[in-house]
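**Q** Please read through the structure below; I'll follow up with questions.
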Amino acid sequence: MLAGSGTAGAYQAGVLQALHEAGIKIDLVAGRGAGVIGALFSAMDGGARLWDDNGVWRRPAAGRFYRWRRPLRIAGWAMAGAGAMLALPIALLLVAAAIALAGMLLTFIGLESAGTAANTAYSRWIETLFAPTAVPTYVPRLAVLATLVASVAAAAGVVASTFSNRAKRRTGHGLAGRLIGGPLSATPLLESCCAELWNLIRGAAPLASPPAVELGRRYVELVSENLGQPGFRELLLAVHDMDTRRDLIFALLAQNHRSRFFTRPGGESAARTAEAFDLGGAARDHALDALSAALAIPLATEPHLVTFAPEGPWRGETHRVCDRPGSLARVLEEVAGAGAEQVILVTALAPQGRPHELSAERGDLRGHAGESLAAFETAGVRDALEHWNGRFSGLFVVRPAHNPLGPLDFDGVYDERSDRVHTLAELVDRGYEDAYRQFIEPVVAASGDLLEAVQR
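Count the sequence shown with my numbering and you get residues 54 to 509, in order.
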């Protein structure tokens, strides 16, 4: 079970690498948030695409995941340029004051000629710059041009948001809402995952990547045809439907588990049909919809729009779907319903804090949002473990003792406690080490020693 948002996917990739090397037999992989990435790749024995040197989480491009949306970036840089242009005359006057002070100090120490020369030269330069045809003319023009660029970028963002949503879902918020909306974009991470999935599916064939629906369909066909073969595993993904306010479960299970999982006795069967979707059946086109929705962090990004089949329970409606950070308990419930008896829960969240572990609040918007998200998820992990403790024959948790990277710190972060910068690639290594230290060595190795002793 892979749970977490954003950078948690890197930690999960390291854990999956360790489990792969140790030969741990996994029947089912489940995920929410960034854990959906690891689940999709692990279900088809493609986890190496996540942890390799040029994998999704180690490549330099990973630092640009969840960037600000392009219209906001352009508008922000343009407004910064306009502000710099308007501040230029003031900066020049401040430099003039500093040179005048330096000339005065040179005069005091007996270098009157050097101070006078410096003041005279800079005064002439200032007179030239502030001539009626120089700075007073060009600064307003450049500032207006930069403001115009910002306005055009903002308008383009509003138009793009309007037309991209109009084809699927009517939007009711105003112009400012369509521009600002979710300020971050999960598109770079989504495109990187889709490209690697296609590389796994096509193999050595030089084929162009198909549309998202076709790619998802081919993925489902490949996994479903090879279930039971070495490296191929059952799959369970969890997202949240904002319109119906219920969790949606997309699952690809073996034939002997499907009927029990997708149906409920009595009056619950109708509700089950509305929230549990069989990727091996009518919902086979929604595999990448589940990935896109899982990467949509509430408030930080726009929700993903999913159009359901007309013959399904939602009659062709288009719903807004995203991740729900507190859905871990629900996913554990679904995992139990799928027949799991032993669960390895992987989370990149450190345990809850203790006295004398306070740290300074993050000042940047991305870090502040990541702190809030991590705090909510940590409480959710605690509640889920408290509720499900003892309900499985084995519930093993792999998590770091300390993880300074927030869910949105893809380009690394400086950690005050260790007085150094922690990177995303290092988080992959941390997951690898923790898997060996917390599960493989104390559980798997100990079980092997016990079995050997019993056989003797």
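By construction, the Cβ of each residue, glycine as well, lies at the ideal position given by its N, Cα and C atoms.
Could you have a look at ALA329 and say whether DSSP puts it in helix, strand or coil?
**A** Here residue 329 refers to the residue found at position 276 when the sequence shown is read from its first residue. Looking at ALA329 - three-state DSSP - the assignment turns out to be strand.
**Q** Evaluate PRO408 with the Cβ neighbour count: other Cβ atoms within 10 Å of its Cβ, from every protein chain shown; 16 or more gives buried, anything less gives exposed.
**A** Translated into the one-based positions of the sequence shown, residue 408 becomes position 355. The residue is exposed, with fewer than 16 neighbouring Cβ atoms inside 10 Å.
**Q** Give the straight-line distance between the Cα atoms of ARG112 and SER95, rounded to the nearest whole angstrom.
**A** Working through the sequence shown from its first residue, we reach residue 112 at position 59. Working through the sequence shown from its first residue, we reach residue 95 at position 42. Whole-angstrom Cα-Cα distance: 19 Å.
**Q** In the structure shown, what three-state DSSP assignment does ARG535 receive?
**A** The structure shown has nothing for residue 535, since the chain only spans 54 to 509.
**Q** Among the candidates CYS246, ILE152, GLY134 and ALA261, whose CA atom is the shortest distance from the CA of LEU201?
**A** On the sequence shown, residue 201 is found 148 positions in, with the first residue counted as 1. Comparing Cα-Cα distances from LEU201 to each of CYS246, ILE152, GLY134 and ALA261, the minimum goes to GLY134.
**Q** Sort out for me which residues DSSP pairs THR360 with in a bridge.
**A** Position 307 of the sequence shown, counted from the first residue, corresponds to residue 360. THR371, per the DSSP bridge assignment.
**Q** Where ARG219 and PRO356 are concerned, what is the direct C-alpha to C-alpha distance, given to the nearest angstrom?
**A** Residue numbering aside, residue 219 sits at position 166 when the sequence shown is read from its first letter. Residue numbering aside, residue 356 sits at position 303 when the sequence shown is read from its first letter. Confidence at ARG219 is low in this model, with a pLDDT of 45, below 50, so the placement of that residue is unreliable and no value is reported for it.
**Q** From the DSSP output, in three-state form, read off ASP294 for me.
**A** Reading the sequence shown from its first residue, position 241 is the one you call residue 294. Residue state, collapsed to three classes: strand.
**Q** Among SER238, HIS455 and GLY365, which one has its Cα closest to the Cα of PRO351?
**A** Numbered from its first residue, the sequence shown carries residue 351 at position 298. Residue SER238 is the option with its Cα nearest to PRO351.
**Q** If you measure between the beta carbons of PRO378 and PHE429, is that distance less than 8 Å?
**A** Translated into the one-based positions of the sequence shown, residue 378 becomes position 325. Translated into the one-based positions of the sequence shown, residue 429 becomes position 376. Against a cut-off of 8 Å, the Cβ pair of PHE429 and PRO378 comes out as a contact.
**Q** Tell me which residues share the same chain as SER176 and place their Cβ nearer than 6 Å to its Cβ, disregarding the 5 neighbours each side in the sequence.
**A** By 1-based counting over the sequence shown, the position of residue 176 is 123. No residues qualify anywhere along the chain.
**Q** If you run the structure through DSSP and keep just helix, strand and coil, what is TYR467?
**A** As a first step, residue 467 is located in the sequence shown; it is residue number 414 there, counting from the start. Here TYR467 sits in strand by DSSP.
**Q** If you compare alpha carbons, which of SER345, SER312, LEU242 and ALA327 is closest to GLY333?
**A** Mapped onto the sequence shown, residue 333 falls at position 280. Comparing Cα positions, the closest option is SER312.
**Q** How far does the beta strand (DSSP E) with GLN395 in it reach, from first residue to last?
**A** Your numbering for residue 395 matches position 342 in the sequence shown. Segment 395 to 400, the beta strand (DSSP E) holding GLN395.
**Q** Keeping to the same chain, check which residues put their C-beta closer than 7 Å to that of LEU268; ignore five residues upstream and five downstream.
**A** Counting from 1 along the sequence shown, the entry for residue 268 is found at position 215. Cβ within range, chain order: CYS247, LEU250, TRP251, SER262 and LEU341.
**Q** Over what stretch of residues does the beta strand (DSSP E) that includes PHE53 continue unbroken?
**A** The chain is shown from 54 up to 509; residue 53 falls before or after that span and cannot be answered.
**Q** Can you list the alpha helix (DSSP H) stretches of 4 or more residues lying completely in the region 74 to 161, in chain order?
**A** You should have 88 to 96, 101 to 104 and 123 to 161.
**Q** Compare the C-alpha of ASP294 against each of GLU370, THR316, GLU287 and ALA56 and name the closest.
**A** Translated into the one-based positions of the sequence shown, residue 294 becomes position 241. Nearest of GLU370, THR316, GLU287 and ALA56 to ASP294, Cα basis: GLU370.
**Q** Thinking C-beta only, is GLU328 closer than 8 Å to LEU301?
**A** Mapped onto the sequence shown, residue 301 falls at position 248. Mapped onto the sequence shown, residue 328 falls at position 275. The answer is yes: Cβ separation under 8 Å.
**Q** Grab me the residues of PRO142's own chain with a C-beta within less than 7 Å of its C-beta, minus the 5 sequence neighbours each way, in chain order.
**A** In the sequence shown, residue 142 corresponds to position 89, counting from 1. Cβ neighbours of PRO142 beyond the five flanking positions: VAL188 and VAL192.
**Q** Can you give the beta carbon distance from GLN65 to GLY91, rounded, assuming they're within the 8 Å contact cut?
**A** To locate residue 65, count along the sequence shown from 1; it is residue 12. To locate residue 91, count along the sequence shown from 1; it is residue 38. So it is a contact: roughly 4 Å between Cβ atoms.
**Q** Kindly indicate the opening and closing residues of the beta strand (DSSP E) around ILE302.
**A** Stepping through the sequence shown from its first residue, residue 302 is reached at position 249. Element bounds for ILE302: 299 to 305.
**Q** Below 6 Å CB to CB, which residues in the same chain sit around SER245 once its five sequence neighbours on both sides are set aside?
**A** Reading the sequence shown from its first residue, position 192 is the one you call residue 245. These residues qualify, in order along the chain: VAL109.
**Q** In the DSSP assignment, the beta strand (DSSP E) including ALA56 goes from what residue to what residue?
**A** Numbered from its first residue, the sequence shown carries residue 56 at position 3. Unbroken beta strand (DSSP E) run through ALA56: 55 to 57.
**Q** Below 8 Å on the Cβ atoms is my guess for LEU477 versus PHE463; work out the distance and round it to an integer in Å.
**A** Numbered from its first residue, the sequence shown carries residue 477 at position 424. Numbered from its first residue, the sequence shown carries residue 463 at position 410. Right, the Cβ-Cβ distance comes to about 6 Å (below 8 Å), so this counts as a contact.
**Q** Could you check where the alpha helix (DSSP H) with LEU381 kicks off and where it finishes?
**A** For this step, residue 381 is matched to residue 328 along the sequence shown. From DSSP, the alpha helix (DSSP H) with LEU381 extends over 381 to 390.
**Q** Which residues in the same chain have their Cβ closer than 7 Å to the Cβ of ALA196, if we skip the five residues on either side of it in sequence?
**A** As a position in the sequence shown, residue 196 is number 143, starting the count at 1. Result list for ALA196: ALA135, MET138 and LEU139, in chain order.
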